[in-house]
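Trainee:
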Amino acid sequence: MEQSKINIHALRDAVVSSRIVWRKHALERMLEQDITIEKGINCIIDGEVIRVYLEDRPYPSALFLRIDDFLPLHVIASYNDKAQITYIITAYNPSTEYYYDDFKTRKK
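Sequential numbering of the sequence shown, starting at -9, is according to the numbering used here.
So, in structure tokens, the structure goes:
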């Protein structure tokens, strides 16, 4: 069955319920940039969805933004409807080198 949308509510519910798989890439980036698991989780739960990647496989994903103490954080997560699990793909502190000051709009 091909997915063509992402259920953000269900994705967040899985995070709240600790049905999470942390990808190695996400954990490596978080360690490199001193991003805690708590900050990553809070970004998904309280953050703003600034982009959806419906073409991502095996599951569509979403880019979340949360600004905490003036520090922006991006987390990309996907959701498996069948297993009801959220996958944390990556997390990073966006830079004004690549993003405008709103941290939502990528520079060309």
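Ideal placement from N, C-alpha and C gives every residue a C-beta, glycine not left out.
Have a look at the DSSP bridge pairing and note the partners of F60.
Mentor: DSSP lists no partner for F60.
Trainee: For Q23 and Y82, I'd like the C-alpha separation in whole angstroms.
Mentor: Each residue's alpha carbon lies about 7 Å from the other.
Trainee: Check whether the Cβ atoms of N32 and R9 lie closer than 8 Å to each other.
Mentor: The answer is no: Cβ separation not under 8 Å.
Trainee: Give the straight-line distance between the Cα atoms of S68 and I27, rounded to the nearest whole angstrom.
Mentor: Rounded to whole angstroms, S68 to I27 spans 17 Å at the Cα level.
Trainee: Hey, how far is the Cα of L1 from the Cα of E18?
Mentor: Going from the Cα of L1 to the Cα of E18 covers about 22 Å.
Trainee: Taking only the alpha-carbon atoms, compute the straight-line gap between T86 and F93 and give it to the nearest angstrom.
Mentor: C-alpha separation (whole angstroms): 7 Å.
Trainee: With the cut-off set at 8 Å, would you say I79 and H15 are in Cβ contact?
Mentor: Taking 8 Å as the Cβ cut-off, I79 and H15 qualify as a contacting pair.
Trainee: Here's the rule I'm using: 16 or more other beta-carbon atoms within 10 Å means buried, otherwise exposed. How should H64 be labelled?
Mentor: Buried: at least 16 other Cβ atoms inside 10 Å.
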